[in-house]
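Student:
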Amino acid sequence: MLDELHLAKRFERRRESSYNRSGANRDRVVVPPGEAHAVPVLRGPGIIRHIWLTVLPATPTCYRDVRLVIRFDEVEAPQVDVPLADFFLFGHGLLVDVNSLPIQVSQQHHDAPPYRGALNCTFPMPFSRTAEVRLVNGTDQPHIVYYYVDWEQHEVLSAPVLRFHATLHEETTEPPAGRPPTPHGRTDDEQINADWAENYVLLEVHGYEGHYVGTGLSIACRPGDPGKWWEGDDMF
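In my numbering, the protein residues as written are 17 to 252.
1. Ends of the alpha helix (DSSP H) at Arg132?
2. Can you give the Cα-Cα distance for Pro73 and Asp19, rounded to whole angstroms?
3. Go ahead and pull the three-state DSSP assignment for Cys78.
4. Can you round the beta-carbon distance between His170 and Arg26 to whole angstroms, since I take them to be within the 8 Å contact cut?
5. Could you tell me whether the Cβ atoms of His66 and Tyr164 are closer together than 8 Å?
6. Have a look at Ala24 and Val114 and give me their C-alpha separation to the nearest angstrom.
7. Going by DSSP, what residue range makes up the beta strand (DSSP E) through Ala54?
8. What whole-angstrom Cβ distance do Asn136 and Gln120 have, given they're in contact under 8 Å?
9. What did DSSP end up calling Gly62 once you bin it into helix, strand or coil?
10. With a floor of 3 residues, list each beta strand (DSSP E) that falls wholly inside the region 99-172, ordered by position along the chain.
11. Between the beta-carbon of Val71 and the beta-carbon of Val57, is there less than 8 Å?
12. Measure the C-alpha to C-alpha separation of Glu32 and Phe143 and round it to an integer number of angstroms.
13. Is it buried or exposed, Gly226, if we count other Cβ atoms within 10 angstroms and call 16 or more buried?
Structure representation (structure tokens):
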């Protein structure tokens, strides 16, 4: 980044946030039950560079109660529609620290238990005309959200520009027919998966140009299951 400090930029940096428009404190928005808060529409061409937010009240489910929904360029279906916990890579809504290049989460450790946290995303999200960001409350209780959306308004975007996509998939899997797990959750040597036939497919894409940037994988054992999730191989 320092190597580019001497270069003129052909864009303006902008921010939309939950700041109190009256000038008072309490820079937040209240999302009523079953409703959504719409961030002011971003007018492009532009690139979302950073999203920061946190949610109150701090409960074990608050980060799955609120979904992040983003739609670029007035397409019919949003390119992003994921509960906050899953988008920010802490599975089952269990708040933990996350330290990766595009996603960072910092929990407030003096809480007991630690339900408060700062959620950050730095995936670049370009758009040609508009970007619509909504925070959707899917519960019967109000939620308070503090947020920043930092973005750049460009004169023109260099082509070709790809669009960011994120989705949630949840599934209850069953053991392969005729291959019950052992009491320790493992199969014996005669039941080793020697081919790809019984692998769980995370992504299968045909006919699209783009980059696969990752998956957040969370696994929960069935209640009463004596086993647990053991290691597995990732295959491409």
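Don't be surprised by glycine CBs; every beta carbon is placed ideally from N, CA and C.
Tutor: On the basis of the coordinates in this document:
1. Position 116 of the sequence shown, counted from the first residue, corresponds to residue 132. Where Arg132 is concerned, there is no enclosing alpha helix (DSSP H), given that its DSSP letter is neither H nor E.
2. Numbered from 1 along the sequence shown, position 57 holds the residue referred to as residue 73. Numbered from 1 along the sequence shown, position 3 holds the residue referred to as residue 19. The straight-line gap from Cα to Cα measures roughly 42 Å.
3. Translated into positions along the sequence shown, residue 78 becomes position 62. Cys78: helix per DSSP, three-state reduction.
4. Mapped onto the sequence shown, residue 170 falls at position 154. Mapped onto the sequence shown, residue 26 falls at position 10. Going by Cβ atoms, the distance from His170 to Arg26 rounds to 7 Å, so yes, they are a contact pair.
5. Position 50 of the sequence shown, counted from the first residue, corresponds to residue 66. Position 148 of the sequence shown, counted from the first residue, corresponds to residue 164. With respect to Tyr164, His66 sits close: the two C-beta atoms are nearer than 8 Å.
6. One-based indexing of the sequence shown puts residue 24 at position 8. One-based indexing of the sequence shown puts residue 114 at position 98. If you take the alpha carbons of Ala24 and Val114, they lie about 34 Å apart.
7. As a position in the sequence shown, residue 54 is number 38, starting the count at 1. Taken as a continuous stretch (DSSP letters only), the beta strand (DSSP E) holding Ala54 covers 52-54.
8. For this step, residue 136 is matched to residue 120 along the sequence shown. For this step, residue 120 is matched to residue 104 along the sequence shown. Taking the Cβ atoms as the reference, Asn136 lies roughly 4 Å from Gln120, within the contact range of under 8 Å.
9. Position 46 of the sequence shown, counting from 1, holds the residue named residue 62. Strand.
10. Complete beta strand (DSSP E) runs here, min 3: 119-123, 133-137, 141-143, 146-153, 159-170.
11. On the sequence shown, residue 71 is found 55 positions in, with the first residue counted as 1. On the sequence shown, residue 57 is found 41 positions in, with the first residue counted as 1. The answer is no: Cβ separation not under 8 Å.
12. Mapped onto the sequence shown, residue 32 falls at position 16. Mapped onto the sequence shown, residue 143 falls at position 127. Taking the straight line from one Cα to the other gives about 16 Å.
13. Taking the first residue of the sequence shown as 1, we reach residue 226 at position 210. A residue is called buried when at least 16 other Cβ atoms come within 10 angstroms of its Cβ; Gly226 does not meet this threshold and is exposed.
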